[in-house]
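> I have a structure here, written as structure tokens, and I will follow up with some questions on it.
Residue numbers (the working numbering): 64 to 293.
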């Protein structure tokens, strides 16, 4: 149904390390720690309360309906959902301010690529964050076909107005790395075991049998039910 958050695998880690050797040593160590943390079961609830670092669109905080998506830029099911459903979802609910849409980062393997991608998206600025995230998702075929993920991320960062020097500084900045760790911990503590995961007013929306995550029909049904409440 969605991409399970994997335990650290030596072969995967070595592959990611080889492909992404130019990234900072501390960033690689952070990625390894996050991969290990991903195997722990969460104990918290999804909720609708704002979390530090939330990226949101649509209605303001406190809206009648809040839709939270936990996703990763390296998750192929997340990428498929964006391709197949994002435009329709955004037009129906975000652009109309019917819901507050919140995106929460939950890095999946290769975790160091995901962490770096999210940091670059944030360094590009709030107004470009979602464009960068969606562009990275759309580019997954490149590095899966053998293109160095670093080259892909730098190209996308350049397209968002960042120089190579700014990108290097962004992904090596200790504050950015610490913030990425904190966001990942918060996501992993929210009882989320795979990506993408959608919550409508704190309740998971699940599409049994779906091979491409939560369907637009099920998500829309949950949203409309909440909108209809008095």
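A virtual CB, placed ideally from N, CA and C, is assigned to each residue, including glycine. The structure presented is a predicted model; accordingly, all values stated were derived computationally and were not measured.
Which two residues bound the contiguous alpha helix (DSSP H) that contains residue 134?
Taken as a continuous stretch (DSSP letters only), residue 134 belongs to no alpha helix (DSSP H), being part of the beta strand (DSSP E) at 129–134.
> Mapping the DSSP letters down to three states, classify residue 161 as helix, strand or coil.
Residue 161: coil per DSSP, three-state reduction.
> Which residues in the same chain as residue 290 place their Cβ atom closer than 7 Å to its Cβ, once the five residues preceding and following it in sequence are excluded?
If we look at residue 290 and ignore the five residues flanking it on each side, its Cβ neighbours are 127, 128, 161.
> Please classify residue 244: does DSSP put it in a helix, a strand, or coil?
It is helical.
> Which first and last residues belong to the alpha helix (DSSP H) in which residue 278 is found?
Looking at the DSSP string, residue 278 is not in any alpha helix (DSSP H), and its letter there is neither H nor E.
> Which residues does DSSP pair with residue 168 in a beta bridge?
Paired residue(s): 134.
> Given that a residue counts as buried once 16 or more other Cβ atoms are within 10 Å of its Cβ, and exposed if not, what is residue 220?
The residue is buried, with at least 16 neighbouring Cβ atoms inside 10 Å.
> Assuming residue 276 contacts residue 144 (C-beta within less than 8 Å), just tell me the rounded distance between them.
Indeed they touch by this definition, with Cβ atoms about 5 Å apart.
> Please name the residue or residues paired with residue 120 in a DSSP beta bridge.
Looking at the DSSP assignment, residue 120 forms a beta bridge with 164.
> Measure the Cβ-Cβ separation of residue 171 and residue 177 and say whether it is below 8 Å.
Yes.
> Nearest-angstrom Cα distance between residue 270 and residue 116?
Distance between the alpha carbons of residue 270 and residue 116: 28 Å.
> Is the beta carbon of residue 121 sitting closer than 8 Å to the one on residue 167?
No, Cβ-Cβ distance for residue 121 and residue 167 is not below 8 Å.
> Indicate whether residue 255 and residue 133 have their beta-carbon atoms separated by less than 8 Å.
Yes. Within cutoff.
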